[in-house]
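For reference, the structure discussed in these notes is given below.
There are 2 protein chains.
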Amino acid sequence: MTDTVIFQYDELFEALNGLLSEHFEQAEAKALATIFTEAEFDGLVTHGLKRFPRFMDEISRGWINPRSKARILSDADAWMVIDGQQAPGPLNAMFSVDHAINKAKHSGIALVGLKNTNHWLRPGYYAKLAARANCVLICWTNTIPNMLAHSQSPTIGKPTLGNNPIVIGIPNGDKPIIFDTAMSQFSYGKIQQYAEDNKPLPVAGGYSDDGNPTNNAAKIFEQLSASAIGWWKGSGLSIMLDLLAAVLTGGQSVEEVSRHEGEQNISQVFIAINIEHLWGDQYFSRIANLIFQLETDEIHWPGQSLNRTRAKNDIEGVTIPLHIWQAVLESTPNQKHH
Amino acid sequence: MTDTVIFQYDELFEALNGLLSEHFEQAEAKALATIFTEAEFDGLVTHGLKRFPRFMDEISRGWINPRSKARILSDADAWMVIDGQQAPGPLNAMFSVDHAINKAKHSGIALVGLKNTNHWLRPGYYAKLAARANCVLICWTNTIPNMLAHSQSPTIGKPTLGNNPIVIGIPNGDKPIIFDTAMSQFSYGKIQQYAEDNKPLPVAGGYSDDGNPTNNAAKIFEQLSASAIGWWKGSGLSIMLDLLAAVLTGGQSVEEVSRHEGEQNISQVFIAINIEHLWGDQYFSRIANLIFQLETDEIHWPGQSLNRTRAKNDIEGVTIPLHIWQAVLESTPNQKHH
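Here it is in structure tokens:
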């Protein structure tokens with residue numbers, strides 16, 4: 001049995017806020033504590049406290065600059081370009097989505113391009129912020145190369161594409177519809193887990209030595225041969241999301257990101273669409289009807305289990321394995337922010 | 339050997355324009371002749387002349403109304419909602435993308451929602467129109483239900499999701515980068531072809547009786563069990579694209595489309611982004627560099643083979659199987675447009 005520790009929302013938020021306040025200004029510590037706490041309470045544990053030590057480590061390495069702040073490069077009614085200046089990724093993303101929402105409230109739709117940023121942690125949170133403001137959010141990021149391109153003979157061991165996650169969020173009262181997917185069939189975290197359990201992947205998720213699809217998790221993990229959703233189709237989507245991220249922000253592409261250490265200077269796009277602008281209150285009865293129909297077809301709508309998990313966690317609290325919580329407590333960047 | 343007929347661009351355009359002029363006003367006949375000719379010359383033969391008889395047949399059935407015209411329902415700086423009023427899908431889509439481009443030229447980004455339309459034929463053409471105007475285009479459509487939702491036990495024989503194609507186009511001088519993909523791993527046309535050739539699909543593309551992935555083309559074709567790209571991931575994407583298409587236009591969802599005969603009253607979204615607005619001429623050297631990098635990694639960029647095919651066809655003309663050309667000549671809607 002694993003030792004665990006149980007937190008209510010405010011307890012976890014305050015504990016993280018305390019830790020982060022040693023390195024960040026008050027507002028920034030609160031924003032970061034919120035995104036970690038929200039990830040845990042929404043059940044996105046792969047993007048919650050597990051990533052806290054890594055976040056702190058990237059500050060130590062100088063990949064994230066806790067003293068830096070995003071800077072607006074250009075500003076118009078329906079679009080904005082922001083230089084993240086290697087400030088913490090979640091703070092840059094929140095800054096960007098706030099501007100996208102405000103502009104969409106005015107123009108109906110708005111695009112914010114963010115360059116020179118780093119990992120945004122759990123992006124569904126930005127879709128939640130937009131949904132609370134009655135905005136659809138479509139946002140994506142590029143990444144380090146971590147996926148093989150589909151081709152006649154994929155170059156095993158040399159990933160060239162990013163898994164470039166995309167998030168689509170649709171307002172729906174207090175139960176937003178949030179879909180969050182990377183272009184890879186499985187993350188390396190998931191592949192590693194199957195490999196360690198000596199299990200095959202449930203569907204093919206990478207290439208074998210001869211370039212054919214395989215669900216051999218150990219082999220894929222060993223030779224870094226993870227594949228895209230839909231093979232050639234996800235490869236194409238990955239390329240398009242990367243090209244758009246690079247050209248709409250003036251920032252670096254996946255290949256350019258690969259030229260320096262770690263996952264720095266990535267590029268992100270945030271498109272907000274104000275649905276009040278379109279339909280007002282009619283919108284919500286429409287969405288309710290559409291979702292009801294999915295449920296009667298016994299399909300899960302994206303975000304359905306997230307909303308259920310959240311409702312449960314809000315009552316019962318979240319249970320964190322003790323070793324993860326200890327790693328959080330012990331993770332202090334060498335380079336402190338004064 | 340199949341008998342064939344070879345056309346130069348202007349020959350094919352004029353022949354189709356002549357046929358279409360019997361049923362459509364001059365400008366509309368030209369627009370429709372252009373989209374069929376462009377599909378053939380760009381090598382998208384599945385969405386070219388092969389679909390001409392079906393287009394005419396849907397007019398006969400009353401699913402497409404050749405006398406109807408799109409009507410603007412609401413209009414603002416950066417967005418517009420259009421009722422397609424069952425006018426021909428390609429004309430509705432061209433009307434929508436024209437407005438999206440014009441608005442993006444003013445606002446940087448613009449969204450046009452189109453409801454009550456029908457099949458847009460070959461959507462890459464709309465991305466080409468946008469690219470010529472130096473606009474990125476992101477557009478998608480919903481469809482009739484033609485794909486199984488991924489679940490623990492998919493309901494074989496009862497598709498509930500649309501394959502909801504999405505198109506992303508990026509300007510790149512006279513060689514636009516155009517990516518066009520449905521959310522299904524294979525179209526039923528492709529699956530049928532493999533089934534008739536007694537070949538398995540190159541990767542799993544549907545569900546077997548027990549709900550597991552299979553590449554048995556005959557089985558998938560027989561029991562209508564085609565699957566989404568990336569299984570649960572493409573299922574989620576399909577749902578999100580459908581929900582967005584329905585709520586951003588006020589139009590019908592896949593499930594609502596399924597309640598009446600044929601593929602009528604579908605919903606489409608067009609988002610145009612003016613890249614001149616963002617970077618001016620710097621943009622094109624940036625794109626050239628990014629694409630060059632893709633080529634050196636021996637990855638094909640989306641649209642690369644399309645642009646090569648087009649260059650070849652512009653010189654040599656297109657070769658059409660005679661039986662397809664005869665079907666075009668013989669396809670006359672019963673209900674003529676006077």
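So the protein lines, in turn, are chains U and E. First residue of the first sequence? That's 1 in this note's numbering, and the numbers climb one at a time after it. First residue of the second sequence? That's 339 in this note's numbering, and the numbers climb one at a time after it. Virtual Cβ for every residue (Gly too), placed ideally from N, Cα, C. No experiment lies behind these values; they were computed from the predicted model shown.
Can you tell me whether residue i is helix, strand or coil according to DSSP?
i             : result
residue 557/E : helix
residue 172/U : strand
residue 312/E : Lying before the first or after the last residue shown, residue 312/E is absent from chain E, which here runs from 339 to 676.
residue 623/E : helix
residue 81/U  : strand
residue 606/E : strand
residue 524/E : coil
residue 52/U  : helix
residue 42/U  : coil
residue 675/E : At residue 675/E the pLDDT is 45, less than 50, meaning the model places this residue with poor confidence; the figure from the coordinates comes in the next sentence. Correct three-state label for residue 675/E: coil.
Nearest-angstrom Cα distance between residue i and residue j?
i             : j             : result
residue 173/U : residue 132/U : 8 Å
residue 260/U : residue 46/U  : 25 Å
residue 669/E : residue 402/E : 15 Å
residue 658/E : residue 484/E : 29 Å
residue 617/E : residue 610/E : 15 Å
residue 233/U : residue 26/U  : 44 Å
residue 568/E : residue 184/U : 8 Å
residue 378/E : residue 415/E : 36 Å
residue 339/U : residue 647/E : Nothing can be reported for residue 339/U, as the shown portion of chain U is limited to 1 through 338.
residue 295/U : residue 34/U  : 31 Å
residue 103/U : residue 447/E : 11 Å
residue 322/U : residue 583/E : 45 Å
residue 434/E : residue 118/U : 36 Å
residue 71/U  : residue 620/E : 21 Å
residue 297/U : residue 536/E : 33 Å
residue 355/U : residue 29/U  : A question about residue 355/U goes unanswered here, because the residues of chain U that appear run from 1 up to 338.
residue 12/U  : residue 293/U : 37 Å
residue 589/E : residue 152/U : 41 Å
residue 460/E : residue 299/U : 30 Å
residue 289/U : residue 578/E : 15 Å
residue 449/E : residue 382/E : 26 Å
residue 10/U  : residue 554/E : 53 Å
Is the beta carbon of residue j closer than 8 Å to that of residue i?
i             : j             : result
residue 113/U : residue 156/U : no
residue 543/E : residue 565/E : yes
residue 50/U  : residue 275/U : no
residue 580/E : residue 596/E : no
residue 116/U : residue 141/U : no
residue 106/U : residue 235/U : no
residue 380/E : residue 500/E : no
residue 154/U : residue 211/U : yes
residue 606/E : residue 477/E : yes
residue 375/E : residue 354/E : yes
residue 601/E : residue 481/E : yes
residue 559/E : residue 475/E : no
residue 465/E : residue 514/E : yes
residue 486/E : residue 526/E : no
Excluding five sequence neighbours on each side, which residues of the same chain lie with their C-beta closer than 6 Å to the C-beta of residue i?
i             : result
residue 69/U  : 87
residue 344/E : 655, 657
residue 629/E : 639
residue 556/E : 533
residue 213/U : 204
So, for residue i: in the same chain, excluding its five sequence neighbours on each side, which residues have a beta-carbon less than 7 Å away from its beta-carbon?
i             : result
residue 676/E : Reliability of the predicted coordinates at residue 676/E is poor, the pLDDT of 39 falling under 50, and the value obtained from them is presented with this limitation in mind. Counting only Cβ-Cβ distances below 7 Å, and skipping sequence neighbours, we find nothing.
residue 671/E : 361, 394, 397, 398
residue 562/E : 495, 497
residue 404/E : 361, 362, 397, 426, 675
residue 120/U : 89, 90, 93, 141, 268
Can you give me the Cβ contacts of residue i inside the same chain, cut-off strictly under 8 Å, excluding the 5 residues immediately before and after it?
i             : result
residue 179/U : 167, 168, 169, 302, 303
residue 436/E : 467
residue 31/U  : 90, 91, 94
residue 666/E : 354, 357, 387, 390, 391
Report task. Return the residues of the region 524-554 of chain E that lie within a Cβ-Cβ distance of less than 8 Å from chain U, sorted by chain order. Result -> Correct list: 541, 542, 551.
Requested in this report: Give the residues from the region 572-592 of chain E that approach chain U closer than 9 Å (Cβ to any Cβ), ordered along the chain.
Outcome: For the region 572-592 of chain E, which is checked against every Cβ of chain U, the residues closer than 9 Å are 572, 573, 574, 575, 577, 578, 579, 580, 581, 582, 584, 585, 586, 587, 588, 591.
Report task. Could you run through the region 396-423 of chain E and flag, in chain order, every residue whose CB is less than 9 Å away from some CB of chain U? Result -> Close to chain U, meaning a Cβ-Cβ distance shorter than 9 Å, are the following residues of the region 396-423 of chain E: 412, 414, 415, 416, 417, 419.
Query - Interface positions of the region 143-173 of chain U facing chain E (Cβ-Cβ less than 7 Å), listed along the chain - result: Under the 7 Å Cβ criterion, the region 143-173 of chain U contributes 149, 151, 160, 168, 170.
Query - Residues within the region 633-666 of chain E neighbouring chain U, beta-carbon criterion of under 7 Å - result: In summary, the residues of the region 633-666 of chain E whose CB is separated from some CB of chain U by less than 7 Å are 635, 636, 637, 639, 640, in the order they occur in the chain.
**Report entry** Within 8 Å of chain E by C-beta, residues of the region 95-116 of chain U in sequence order
**Finding:** Residues 107, 108, 109, 110, 111, 113.
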